[in-house]
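Visitor: Quick one: the structure is below, and I'll ask about it shortly.
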């Protein structure tokens, strides 16, 4: 079975600083990878996805992620964060051909002025 | 365009009372449907998913059940709530061929 590890439960950063949220997965077969964002008391919104093709994927709100198969990672990055990026971020994986997702425990991004 | 609706947004229920949470999807047919529970610091736990009317797969044994009486309707139920059922419940859908899941706004359930 696949699993997802988000190494940081909380990441505090200052506004306009760069940020990287780490995600590692384990699977013996091909996977699809996702990042979702959750604002307080709201549902999850898809930030970006990797299904195939280019390993660098760009998403909404200036975020991007890079799929690294050898390191089984899918880290999320943004070059300059805003206060409004404060939210919880979830990495998720699904097996190719299956629709169910396995989520990491989430990383709370805290952006301060 | 497709939309997903969940209600109620918040719910406070006493221990031992029944539960019914509803989720409906518009703008698509034959979606895959999912119920997740989110507890503080524990991420999202898949509870049930359905690939068609009357077809329910349970991921974890618990005090809850799910039903899909119509193509775009997914219901989460319990006969008797426990304190441990408190949490944030999220419904999601995906196309029958897709891996991308789209989430509703969630229901905050407090069992007291």
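Protein chains in written order, with this note's numbering: chain Z, -11 to 101; chain D, 529 to 640. Glycine residues also receive a C-beta, built at the ideal position from the N, C-alpha and C atoms.
1) What residues in the segment 595 to 628 of chain D bring their beta carbon closer than 9 Å to a beta carbon of chain Z?
2) Quick one, which of D:557, D:545, D:540, D:631 has its alpha-carbon nearest residue 564 of chain D's?
3) From residue 23 of chain Z to residue 562 of chain D, what does the alpha carbon distance come to, in whole angstroms?
4) Is there contact here, the segment 92 to 100 of chain Z with the segment 75 to 83 of chain Z, by at least three beta-carbon pairs under 8 Å?
5) Mapping DSSP to helix, strand and coil, what is residue 611 of chain D?
6) For residue 576 of chain D, would you say it is in contact with chain Z, using Cβ-to-Cβ distances shorter than 8 Å as the test?
7) Taking the DSSP output, what are the residues bridged to residue 37 of chain Z?
8) In this structure, does DSSP put residue 72 of chain Z in helix, strand or coil?
9) Check this for me: beta carbons of residue 606 of chain D and residue 592 of chain D, under 8 Å apart or not?
10) Taking the alpha carbon of residue 53 of chain Z as the point to measure from, which residue in Z:5, Z:12, Z:101 has its own alpha carbon closest?
11) For residue 37 of chain Z, return the contacting residues in chain D, with the cut-off set at a CB-CB distance below 7 Å.
12) Tell me which same chain residues have a C-beta within less than 7 Å of the C-beta of residue 536 of chain D, skipping the five on either side of it?
13) Whole angstroms are fine: how far does the CA of residue 1 of chain Z sit from the CA of residue 67 of chain Z?
14) If the cut is a Cβ gap below 9 Å, which residues of chain D does residue 47 of chain Z touch?
15) Using CA coordinates, which residue listed in Z:61, Z:18, Z:-4 is at the minimum distance from residue 82 of chain Z?
16) Between residue 565 of chain D and chain Z, is any beta-carbon pair separated by less than 8 Å?
17) For residue 634 of chain D, would you say it is in contact with chain A, using Cβ-to-Cβ distances shorter than 8 Å as the test?
Guide: Here's the rundown:
1) 616, 618, 619, 620, 622, 623, 624, 625, 626, 627, 628
2) Here residue 564 of chain D corresponds to residue number 36 of the second chain, with the count starting at 1. For residue 564 of chain D, the nearest C-alpha among the options comes from D:631.
3) In the first chain, the residue the question calls residue 23 of chain Z occupies position 35. In the second chain, the residue the question calls residue 562 of chain D occupies position 34. Their Cα atoms are separated by approximately 18 Å.
4) yes
5) Mapped onto the second chain, residue 611 of chain D falls at position 83. In the structure shown, residue 611 of chain D sits in a helix (DSSP, three-state: H, G or I).
6) Taking the second chain and counting its residues from 1, one reaches residue 576 of chain D at position 48. Taking Cβ atoms only, chain Z never reaches closer than 8 Å to residue 576 of chain D, which makes this a no.
7) As a position in the first chain, residue 37 of chain Z is number 49, starting the count at 1. BP columns for residue 37 of chain Z point to Z:22.
8) The residue labelled residue 72 of chain Z in the question sits at position 84 within the first chain. Helix, per DSSP.
9) Numbered from 1 along the second chain, position 78 holds the residue referred to as residue 606 of chain D. Numbered from 1 along the second chain, position 64 holds the residue referred to as residue 592 of chain D. For residue 606 of chain D and residue 592 of chain D, yes; Cβs fall inside 8 Å.
10) The sequence position of residue 53 of chain Z within the first chain is 65, counting from 1. Nearest C-alpha to residue 53 of chain Z: Z:12.
11) Against the first chain, residue 37 of chain Z aligns to sequence position 49. Residues of chain D passing the Cβ test: 628.
12) Within the second chain, the letter at position 8 stands for residue 536 of chain D. If we look at residue 536 of chain D and ignore the five residues flanking it on each side, its Cβ neighbours are 635.
13) The residue labelled residue 67 of chain Z in the question sits at position 79 within the first chain. The residue labelled residue 1 of chain Z in the question sits at position 13 within the first chain. Using only the alpha carbons, I get a separation of about 12 Å.
14) The residue given as residue 47 of chain Z occupies position 59 in the first chain. Simply none; closest approach about 12 Å.
15) On the first chain, residue 82 of chain Z is found 94 positions in, with the first residue counted as 1. The shortest Cα separation from residue 82 of chain Z among Z:61, Z:18, Z:-4 belongs to Z:18.
16) Start at 1 with the first residue of the second chain, and residue 565 of chain D comes out as number 37. For residue 565 of chain D, the answer is no, since every Cβ of chain Z falls outside 8 Å of its Cβ.
17) In the displayed structure, chain A is absent; the protein chains listed are Z and D.
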